[in-house]
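Here the structure comes first, spelled out in structure tokens, and everything after it is commentary.
Residue numbers (the working numbering): 13 to 248.
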């Protein structure tokens with residue numbers, strides 16, 4: 013009998029212990045933490061990309077986006093962002109490739125249509141630019157940037173009345189780009205010959221930028237804030 017008890021003790025000591033409920037919860041929590049670290053790693057890369065882009069280091073931003081896309085090959089947002097970087101360095105072919113890929117992955121990504129429209133506009137294909145802006149607005153009619161870009165492009169096409177009407181619609185959406193809208197509308201009226209009204213609109217624009225310095229912080233999203241530039245658009 014004693015031998016049986018001894019043998020049982022020896023045998024039982026070699027068994028793998030079954031984790032308790034609290035231990036199982038700890039294991040699950042540890043696994044969740046590891047997954048969270050991976051997510052934060054992706055987020056950290058995007059933070060670095062934004063910092064590099066804000067500093068004008070577009071090639072560095074592209075290199076980091078290459079790594080991010082290799083990790084997340086179906087991320088439409090990352091293709092769109094890399095397309096923006098290529099657009100910044102005037103590599104329109106690569107930019108167009110990335111915007112096309114972003115749209116293929118996410119056909120409802122209105123910002124990708126907006127940026128592809130900007131790319132077409134920079135290449136001088138204004139009719140294709142308008143098509144893309146229209147598609148973006150079909151998806152999201154409250155995207156103020158697209159309305160502004162469409163108004164600018166209509167002005168480039170010489171349709172000043174429709175350009176002004178489009179900028180008026182942009183103004184109705186919100187105040188975020190109100191100073192920019194006044195500037196574009198004033199420049200359009202200047203081209204139409206309405207100099208007095210143009211001066212009034214531009215003065216309103218300057219007052220807005222003076223009273224709300226935060227508006228000027230948006231300048232990094234614009235190709236130019238000056239009417240001296242032939243074409244300038246707001247990117248997404």
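Yeah, the Cβ is synthetic: ideal placement off N, Cα and C, and Gly gets one too.
It should be emphasised that the depicted structure is a prediction, and the values quoted were computed from it without experimental measurement.
Quick one: give me the first and last residue of the alpha helix (DSSP H) that residue 112 is part of. In the chain shown, the residue the question calls residue 112 occupies position 100. Start and end: 104-117.
Taking residue 148 and residue 122 to be in contact with their CB atoms under 8 Å, please state how far apart those CB atoms are, rounded to whole angstroms. Locating residue 148 in the chain shown gives position 136, where the first residue counts as 1. Locating residue 122 in the chain shown gives position 110, where the first residue counts as 1. About 4 Å separates the CB atoms of residue 148 and residue 122; that is less than 8 Å, so the two are in contact.
According to DSSP, simplified to helix, strand and coil, what is residue 126? In the chain shown, residue 126 corresponds to position 114, counting from 1. Reduced to three states, the DSSP call for residue 126 is helix.
Would you report the Cα separation of residue 219 and residue 191, rounded to the nearest angstrom? Your numbering for residue 219 matches position 207 in the chain shown. Your numbering for residue 191 matches position 179 in the chain shown. With a pLDDT of 47 at residue 219, under the threshold of 50, the predicted position of this residue should be treated as unreliable, and no value is reported.
Compare the Cα-Cα distances from residue 174 to each of 111, 153, 162 and 157 and report the closest residue. In the chain shown, residue 174 corresponds to position 162, counting from 1. Checked all of 111, 153, 162 and 157; the closest Cα to residue 174 is 162.
Is the beta carbon of residue 81 closer than 8 Å to that of residue 97? For the purposes of this step, residue 97 is identified with residue 85 of the chain shown, where counting begins at 1. For the purposes of this step, residue 81 is identified with residue 69 of the chain shown, where counting begins at 1. In this structure, the beta-carbon distance from residue 97 to residue 81 does not fall below 8 Å.
Distance CB(residue 127)-CB(residue 170) smaller than 8 Å: Taking the first residue of the chain shown as 1, we reach residue 127 at position 115. Taking the first residue of the chain shown as 1, we reach residue 170 at position 158. Inclusion of residue 127 and residue 170 in the CB contact set at 8 Å is not warranted, their separation being larger than that value.
Same chain only: Cβ atoms within 7 Å of residue 90, ignoring 5 sequence neighbours per side: Numbered from its first residue, the chain shown carries residue 90 at position 78. For residue 90, where only same-chain residues beyond five positions count, the Cβ hits under 7 Å are 77, 80, 81 and 84.
Which value, in whole angstroms, describes the spacing of the CA atoms of residue 100 and residue 133? Within the chain shown, residue 100 is the residue found at index 88, counting from 1. Within the chain shown, residue 133 is the residue found at index 121, counting from 1. If I take the Cα positions, the gap works out to 13 Å.
With H, G and I counted as helix, E and B as strand and the rest as coil, what does DSSP make of residue 207? Against the chain shown, residue 207 aligns to sequence position 195. Only weak support is given to the placement of residue 207: the predicted model assigns it a pLDDT of 49, under 50, and the value that follows is read from those uncertain coordinates. Secondary structure of residue 207 (DSSP, three-state): helix.
What is the DSSP secondary structure of residue 226, reduced to helix, strand or coil? In the chain shown, residue 226 corresponds to position 214, counting from 1. Low confidence applies here, because residue 226 scores a pLDDT of 39, under 50, leaving its location unreliable and the question unanswered by this model.
Taking the alpha helix (DSSP H) that residue 93 falls in, what are its first and last residues? Position 81 of the chain shown, counted from the start, is the residue given in the question as residue 93. For residue 93, the uninterrupted alpha helix (DSSP H) run begins and ends at 88-100, by DSSP.
Taking the alpha carbon of residue 54 as the point to measure from, which residue in 102, 64 and 87 has its own alpha carbon closest? Translated into the one-based positions of the chain shown, residue 54 becomes position 42. Taking each of 102, 64 and 87 in turn and checking the Cα distance to residue 54, the smallest one comes out for 87.
Buried or exposed for residue 116, going by 16 or more other Cβ atoms inside 10 Å? Numbered from its first residue, the chain shown carries residue 116 at position 104. So residue 116 ends up on the exposed side.
Please check the pair residue 156 and residue 136, which I expect to be a contact at CB under 8 Å, by giving their CB distance rounded to whole angstroms. Here residue 156 refers to the residue found at position 144 of the chain shown. Here residue 136 refers to the residue found at position 124 of the chain shown. About 25 Å separates the two Cβ atoms, so there is no contact after all.
Answer yes or no: do residue 102 and residue 131 have a C-beta to C-beta separation smaller than 8 Å? In the chain shown, the residue the question calls residue 102 occupies position 90. In the chain shown, the residue the question calls residue 131 occupies position 119. Contact flag unset, no.
Are the CB atoms of residue 160 and residue 182 within a distance shorter than 8 Å? Working through the chain shown from its first residue, we reach residue 182 at position 170. Working through the chain shown from its first residue, we reach residue 160 at position 148. The beta carbons of residue 182 and residue 160 sit closer together than 8 Å.
State the Cα-Cα distance for the pair residue 125 and residue 41, rounded to the nearest angstrom. Locating residue 125 in the chain shown gives position 113, counting from the first residue. Locating residue 41 in the chain shown gives position 29, counting from the first residue. Across the structure, residue 125 and residue 41 are spaced so that their CA atoms are roughly 41 Å apart.
Would you call residue 111 buried or exposed, if buried means 16 or more other Cβ atoms sit within 10 Å of its Cβ? Your numbering for residue 111 matches position 99 in the chain shown. By the beta-carbon neighbour count (other beta carbons within 10 angstroms, threshold 16), residue 111 is buried.
Assumed close pair residue 179, residue 197 - CB separation to whole angstroms, cut-off 8 Å: Working through the chain shown from its first residue, we reach residue 179 at position 167. Working through the chain shown from its first residue, we reach residue 197 at position 185. Contact check for residue 179 and residue 197: beta-carbon distance about 5 Å, within the 8 Å limit, so the pair qualifies.
Between residue 228 and residue 188, what straight-line distance do the alpha-carbon atoms span, to the nearest angstrom? For this step, residue 228 is matched to residue 216 along the chain shown. For this step, residue 188 is matched to residue 176 along the chain shown. Bear in mind that a pLDDT of 37 at residue 228, under 50, signals an unreliable position, so the model cannot answer this.
Helix, strand or coil: how does DSSP classify residue 144 here? Residue numbering aside, residue 144 sits at position 132 when the chain shown is read from its first letter. Here residue 144 sits in helix by DSSP.
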